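This report refers to the structure that appears directly beneath it.
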Ligand code: HEC
Ligand code: HEC
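In our numbering, the protein residues as written are 30 to 212.
Set out below in structure tokens:
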């Protein structure tokens with residue numbers, strides 16, 4: 030029901046928090062679908078690709094110049110991400126930047142996956158970098174590389190809402206049982 034209402038991004042979290050926090054599968058799934066608007070935005074998917082290459086722009090085309098993940102996500106030896114991606118967005122060239130700029134590992138690939146699959150894998154400590162729920166929520170709400178998605182520079186479309194609203198939505202999802210969509 031709630032998912033069908035046309036509410037501004039983040040409003041679902043406010044609604045859910047105001048109500049008693051107890052397992053509620055339908056509400057939890059509605060909250061995850063709301064959060065999915067961020068998780069499946071080009072800003073996140075470009076760095077969480079399937080395969081060895083990042084993608085770029087709102088159309089998520091393969092990264093040009095050609096670049097691969099490398100052993101640790103920082104690019105191949107000799108051409109690390111930070112050769113081009115500096116500590117901050119660079120307006121002149123349009124190259125986005127952040128001090129920790131690198132590619133998410135293959136186990137955290139989201140591009141082309143269903144929301145159900147993304148949900149299962151971000152909860153799975155074997156695939157999410159060993160994050161328990163509290164640390165996962167903290168990462169979503171506060172990590173500054175995640176936060177880049179709301180200030181991406183250039184002509185890139187920012188992720189919906191704010192990072193705080195996204196964090197609140199994820200927390201409300203967890204508080205209602207962290208259920209995953211069936212599809
Ligand atoms: C030789 C320079 C160069 C290297 C090395 C490089 N990039 Fe890029 N990258 C660029 C340029 C230029 C753009 C901007 C393209 C545009 O959007 O106009 C870009 C854009 C991106 C974007 C798109 C952001 C978005 O949402 O539109 C991602 C993601 C990205 N790079 C990831 C990486 C990662 C991860 C590495 C290392 C594995 C890397 N890049 C290495 C030059 C580089
Ligand atoms: C510049 C690349 C980049 C961007 C943009 C990015 N991530 Fe990530 N993400 C990573 C890397 C790298 C990791 C691996 C952990 C680390 O080294 O911080 C990661 C890990 C994660 C994790 C850990 C759990 C898992 O299974 O993936 C979450 C959650 C996450 N990112 C959420 C997001 C969200 C949400 C967005 C968009 C709002 C986003 N990321 C955008 C690079 C990125």
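Using N, Cα and C, we set each Cβ at its ideal position, and we do this for glycine too. All values derive from a computational prediction rather than experimental measurement.
| Item | Value |
| --- | --- |
| Simplified DSSP assignment, three categories, for residue 71 | helix |
| Local conformation of residue 124 per DSSP, three classes | strand |
| Unbroken alpha helix (DSSP H) run spanning residue 203, endpoints | 192–204 |
| heavy atom of ligand 2 below 7 Å from residue 164 C-beta | no |
| Residue 183 CB to nearest heavy atom of ligand 1 below 7 Å | yes |
| Proximity below 8 Å, CB of residue 174 to CB of residue 196 | no |
| Limits of the unbroken alpha helix (DSSP H) element including residue 170 | 162–171 |
| Residue 101 to residue 157 span [Cα, whole Å] | 15 Å |
| DSSP three-state assignment for residue 149, whether helix, strand or coil | helix |
| Residue 77 and residue 138 closer than 8 Å at C-beta | yes |
| Euclidean distance between Cα positions of residue 74 and residue 51 | 31 Å |
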